[in-house]
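In order, the protein sequences belong to chains L and U. Residue numbers for the first sequence follow the working numbering, beginning at 1 and rising by one. Residue numbers for the second sequence follow the working numbering, beginning at 618 and rising by one. Heads up: the structure comes next, in structure tokens.
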Amino acid sequence: MRLVLPNPGLDDRIPSFEDLKRMDKEEGGDRPKWDNKAQYILTCVGFCVGIGNVWRFPYLCQSHGGGAFLIPYLILLVLEGMPLLLLEFAIGQRLRKGSVGVWRAINPYLTGIGIASMLVSLLIGLYYNTLIAWIMWYLFNSFQSPLPWSQCPLNDNGTGFVPECQRSSTTDYYFYRVTLNSSTSIVESGGIHWPIVVCLLAAWTVICICYIRGISTSGKAVYVTAILPYIVLAIFLIRGLTLKGAFTGIKHLFTPDVNELANPTTWLNAGAQVFYAFSLAWGGLISFSSYNPIHNNCMKDAMILTGVTGFTSVYAATVTYTIVGFRATERYDNCISNNILTLLNAFDLPEDSITTSNYEAAFTYYNSSNPDTVLGLDIKPCDMQKLLSEGVEGTGLAFIVFTEAITKMPGSPVWSVLFFIMLFCLGVSSLFGNIEGVVVPLKDLKLLPQKWPQEALTGLTCFIAFIISLLFAQHSGLYWVTLFDNFAGSVPLLTIGLFEMIAVAYIYGMDRFNEDVEFMIGYKPSFFWQASLRFTSPLIVVVILAFYLVTLGQEEFTYLVWDPESEKFPALASVPYPSWINAAIFLLAGVPSLVMPGYALCRLVYVSCKNRIQGNN
Amino acid sequence: MLRFSLSELLQLLKNFCFSFSGKMLEKILILLCLTSAAAGQLCKPDASDGYKVRLSIKTALGDQAYLWDEKEMFLFRSTMAYAMRGQLNQQFDVSNIIVCEETARVSFWFVVTSPLNTSNLVDKKSVEEAVRKHRNRINSAFLLTDETLEFEGIPRTLEAPFTPDTPPWLIVFGVVMGAVVAGIIVFIGFSVVQKKRKKNKKTPEDEDSEEEESRGKTMENGAANEGVYNMSFTDEERFTRI
Numbered sequence: 001m002r003l004v005l006p007n008p009g010l011d012d013r014i015p016s017f018e019d020l021k022r023m024d025k026e027e028g029g030d031r032p033k034w035d036n037k038a039q040y041i042l043t044c045v046g047f048c049v050g051i052g053n054v055w056r057f058p059y060l061c062q063s064h065g066g067g068a069f070l071i072p073y074l075i076l077l078v079l080e081g082m083p084l085l086l087l088e089f090a091i092g093q094r095l096r097k098g099s100v101g102v103w104r105a106i107n108p109y110l111t112g113i114g115i116a117s118m119l120v121s122l123l124i125g126l127y128y129n130t131l132i133a134w135i136m137w138y139l140f141n142s143f144q145s146p147l148p149w150s151q152c153p154l155n156d157n158g159t160g161f162v163p164e165c166q167r168s169s170t171t172d173y174y175f176y177r178v179t180l181n182s183s184t185s186i187v188e189s190g191g192i193h194w195p196i197v198v199c200l201l202a203a204w205t206v207i208c209i210c211y212i213r214g215i216s217t218s219g220k221a222v223y224v225t226a227i228l229p230y231i232v233l234a235i236f237l238i239r240g241l242t243l244k245g246a247f248t249g250i251k252h253l254f255t256p257d258v259n260e261l262a263n264p265t266t267w268l269n270a271g272a273q274v275f276y277a278f279s280l281a282w283g284g285l286i287s288f289s290s291y292n293p294i295h296n297n298c299m300k301d302a303m304i305l306t307g308v309t310g311f312t313s314v315y316a317a318t319v320t321y322t323i324v325g326f327r328a329t330e331r332y333d334n335c336i337s338n339n340i341l342t343l344l345n346a347f348d349l350p351e352d353s354i355t356t357s358n359y360e361a362a363f364t365y366y367n368s369s370n371p372d373t374v375l376g377l378d379i380k381p382c383d384m385q386k387l388l389s390e391g392v393e394g395t396g397l398a399f400i401v402f403t404e405a406i407t408k409m410p411g412s413p414v415w416s417v418l419f420f421i422m423l424f425c426l427g428v429s430s431l432f433g434n435i436e437g438v439v440v441p442l443k444d445l446k447l448l449p450q451k452w453p454q455e456a457l458t459g460l461t462c463f464i465a466f467i468i469s470l471l472f473a474q475h476s477g478l479y480w481v482t483l484f485d486n487f488a489g490s491v492p493l494l495t496i497g498l499f500e501m502i503a504v505a506y507i508y509g510m511d512r513f514n515e516d517v518e519f520m521i522g523y524k525p526s527f528f529w530q531a532s533l534r535f536t537s538p539l540i541v542v543v544i545l546a547f548y549l550v551t552l553g554q555e556e557f558t559y560l561v562w563d564p565e566s567e568k569f570p571a572l573a574s575v576p577y578p579s580w581i582n583a584a585i586f587l588l589a590g591v592p593s594l595v596m597p598g599y600a601l602c603r604l605v606y607v608s609c610k611n612r613i614q615g616n617n
Numbered sequence: 618m619l620r621f622s623l624s625e626l627l628q629l630l631k632n633f634c635f636s637f638s639g640k641m642l643e644k645i646l647i648l649l650c651l652t653s654a655a656a657g658q659l660c661k662p663d664a665s666d667g668y669k670v671r672l673s674i675k676t677a678l679g680d681q682a683y684l685w686d687e688k689e690m691f692l693f694r695s696t697m698a699y700a701m702r703g704q705l706n707q708q709f710d711v712s713n714i715i716v717c718e719e720t721a722r723v724s725f726w727f728v729v730t731s732p733l734n735t736s737n738l739v740d741k742k743s744v745e746e747a748v749r750k751h752r753n754r755i756n757s758a759f760l761l762t763d764e765t766l767e768f769e770g771i772p773r774t775l776e777a778p779f780t781p782d783t784p785p786w787l788i789v790f791g792v793v794m795g796a797v798v799a800g801i802i803v804f805i806g807f808s809v810v811q812k813k814r815k816k817n818k819k820t821p822e823d824e825d826s827e828e829e830e831s832r833g834k835t836m837e838n839g840a841a842n843e844g845v846y847n848m849s850f851t852d853e854e855r856f857t858r859i
């Protein structure tokens with residue numbers, strides 16, 4: 001296949017093989033280098049394995065047919081994720097620049113891809129660090145017994161609990177009221193909630209110090225942040241398996257429902273999850289690979305990373321669901337006990353007459369003999385399946401479900417500290433890649449003075465990002481985070497990924513890419529890689545992107561709010577977005593996506609103007 | 618269970634009483650019947666000055682649960698009398714606590730009569746206050762808690778959650794921030810010191826060529842203050858011309 005778009009001057013812009021050989025021999029330059037291969041692999045693993053592995057993948061797994069979901073996930077991991085990984089690794093290692101530099105070297109008109117990556121990394125980094133700020137808040141508050149989210153505060157006359165807490169639950173109240181103090185809509189900003197400001201400050205300063213000298217400091221930090229989560233997951237696995245109800249959770253997670261494979265949403269969600277899990281199109285992976293020695297085997301790295309990510313997803317899902325199963329069983333047992341008590345009290349029966357084993361029979365008996373009384377008792381049915389699948393995604397999983405389960409384990413503060421340290425490490429290691437994807441392009445675009453040391457660059461970026469992220473410290477911050485999560489982190493990434501593949505396969509040229517890989521690792525990529533990069537992966541990304549846009553266009557713009565006044569309380573109420581949200585969505589999703597053709601267009605106009613002026617002269 | 622309504626019982630008793638001819642006997646018996654009937658009428662479900670009590674002994678104590686019998690009931694009545702004495706400072710006695718409507722659940726109603734006039738009931742408010750004041754003692758007499766020894770209608774006095782003076786999270790936050798800020802200062806100070814040291818060592822010649830290098834290195838991502846500059850890297854990479 002020789003389909004390559006004309007690309008004059010490419011050889012002038014990129015280092016030739018001789019240059020690379022010389023650079024490699026001299027080991028020269030001020031370009032940072034990895035201390036050893038382990039640092040590089042751990043950084044990439046930390047980048048790819050993030051909080052989403054704990055709170056997004058298990059939810060997708062259990063809602064799309066359990067064990068059957070692993071089939072589309074693993075297939076797409078190999079067909080979509082792995083080739084894109086190889087692409088980013090190889091192109092970074094070969095061209096030895098950050099994301100803006102790489103695309104500028106391939107073709108100056110493609111610089112927009114790098115700029116888009118930088119914008120997306122910035123937007124995602126802002127809200128991601130807010131999540132880390134919340135995690136830090138919970139972490140700081142875990143050093144006390146009893147844990148603050150295990151009790152409700154009392155109301156004014158001391159006879160009962162605050163009604164908002166009484167009607168929902170202690171963990172709900174602690175998250176929505178104490179931590180966030182959330183208002184009832186995105187419109188009501190309600191001022192700044194200062195505990196969140198304090199935690200945001202902590203989060204940004206920690207990132208600042210870890211990345212203060214670039215990868216020479218973050219490379220050391222990843223030894224902790226990338227390995228600790230695995231250790232903590234192992235501890236939780238052992239603890240989780242010994243809890244009552246753990247196997248119920250695991251069974252619920254992995255019971256395959258093969259019918260779900262026929263549902264296209266399953267495949268699309270699997271594809272999207274693979275794409276986001278690998279942190280592709282953020283620009284960080286390209287940057288990290290550019291610090292590698294020239295003959296590093298990037299193909300093996302891509303395969304190792306794919307394997308590790310897949311394994312971690314399943315591992316984290318198992319651990320999560322032992323705990324979820326435990327909590328669901330606790331709640332179910334409580335529900336049954338309460339119902340039994342209600343029946344005993346209503347009919348004045350001796351205590352042991354109804355037990356969990358004969359509850360169903362007793363209930364039907366009394367319902368048939370005294371239906372009016374039983375109706376008046378307002379007995380809620382206890383549904384195990386509902387308990388296993390409610391609130392188990394996103395922030396709800398970590399801050400509500402898990403925290404509740406932890407309060408029921410003996411030695412709660414220890415488990416709480418461990419859990420939130422794990423989440424913190426998972427988040428921070430992803431943020432290293434994020435901030436790499438922001439700081440390096442800023443330097444490459446000459447937006448920041450070149451003479452400045454790395455410390456100043458990192459410090460300034462972190463400071464500005466902290467100021468902007470105060471947006472999320474408002475009382476409506478939760479809704480802004482959800483907005484960013486839904487729009488900044490979905491469509492733009494897919495678009496950038498698509499453009500990346502087209503640029504490399506058809507503008508840089510697949511043949512040239514093959515030669516590069518052969519130069520670097522000694523052999524050309526096999527037919528599988530070539531076919532994926534040219535056809536399969538772009539096709540999959542196009543299909544997912546089309547699906548996303550269609551769904552976006554079809555569904556109403558609503559979001560979930562915490563409103564104690566609503567009828568559905570304590571469930572979140574669904575409220576339509578205000579009309580100005582379209583502008584915000586355009587800024588978040590539209591601008592990064594449109595920067596790519598926009599920059600090319602601007603450059604075209606500028607160059608043709610310049611030529612015309614020069615031609616006139 | 619067979620239950621006679623009080624009126625039927627009265628009727629039965631009256632018939633029994635009248636079947637004996639002695640007028641005195643009649644009178645005494647009627648008096649007795651009336652008092653017991655009156656007492657029975659004082660204590661009834663949903664009495665305006667009565668409370669329903671519910672015990673969940675098996676839930677609270679499991680294997681160690683004791684059987685609820687008339688001894689325990691006597692203990693309850695005497696505990697309530699104790700509480701009333703503490704509240705109203707009058708000489709309440711076990712007989713002032715009247716219990717009725719016992720069920721197998723172990724629940725019953727009780728009313729408190731005034732020691733000064735046994736046909737008057739002590740009002741609901743005083744009983745409630747007495748119970749609330751002495752709740753702990755009443756609970757511990759039965760090895761139960763507020764949830765397992767329920768007085769329907771008397772809310773529990775809840776303990777406020779323990780709030781320490783300095784929030785613990787502030788302490789942890791202070792430690793973390795202190796460490797991080799100290800680290801940042803150390804790093805910056807270190808690099809400033811290194812830069813100064815390098816400047817003192819450099820000769821003017823090196824300085825010129827180094828400036829040329831740094832101007833050309835527009836694309837490098839550098840920890841530019843660290844390490845030794847590799848001066849042999851003179852043939853610069855060809856960079857993109859914009």
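Where a beta carbon is used, it is the ideal one built from N, C-alpha and C, also for glycine.
Residue i - DSSP class collapsed to helix/strand/coil
i              : result
C717 (chain U) : strand
K408 (chain L) : coil
S185 (chain L) : coil
F779 (chain U) : coil
F420 (chain L) : helix
F569 (chain L) : coil
Q93 (chain L)  : helix
I192 (chain L) : strand
V561 (chain L) : strand
Extent of the continuous beta strand (DSSP E) run through residue i
i              : result
F725 (chain U) : S724 to V729
K669 (chain U) : Y668 to L672
L766 (chain U) : L766 to E769
V575 (chain L) : A573 to P576
8 Å Cβ cutoff, residue i in contact with chain L
i              : result
S757 (chain U) : no
P772 (chain U) : yes
P732 (chain U) : no
G679 (chain U) : no
W726 (chain U) : no
L722 (chain U) : In the sequence under discussion, the amino acid at residue 722 (chain U) is Arg, which differs from the Leu named in the question. Yes - at least one Cβ of chain L is within 8 Å of the one on R722 (chain U).
Interface flag, residue i vs chain A, CB-CB below 8 Å
i              : result
A664 (chain U) : Within the model displayed, chain A is absent; protein chains L and U are what it includes.
For residue j and residue i, believed in contact at Cβ under 8 Å, the rounded distance
i              : j              : result
I496 (chain L) : V120 (chain L) : 7 Å
I755 (chain U) : T696 (chain U) : 5 Å
T908 (chain U) : S673 (chain U) : Only positions 618 to 859 of chain U appear in the structure, and residue 908 (chain U) is not among them; the question remains open.
F727 (chain U) : G679 (chain U) : F727 (chain U) to G679 (chain U), Cβ: 27 Å. No contact.
Test item: CB-CB of residue i and residue j under 8 Å
i              : j              : result
L483 (chain L) : A584 (chain L) : yes
D710 (chain U) : A698 (chain U) : yes
T184 (chain L) : D563 (chain L) : yes
P108 (chain L) : G283 (chain L) : no
T130 (chain L) : V550 (chain L) : no
F34 (chain L)  : A398 (chain L) : Position check: residue 34 (chain L) holds Trp in this sequence, whereas Phe was assumed. Not closer than 8 Å, so no.
F140 (chain L) : F779 (chain U) : no
V595 (chain L) : G219 (chain L) : no
L426 (chain L) : P229 (chain L) : yes
Neighbour flag for residue i against chain U, beta carbons, 8 Å
i              : result
D511 (chain L) : no
Q385 (chain L) : no
C335 (chain L) : no
G158 (chain L) : yes
Span of the alpha helix (DSSP H) around residue i
i              : result
V274 (chain L) : P264 to A277
E330 (chain L) : C298 to F347
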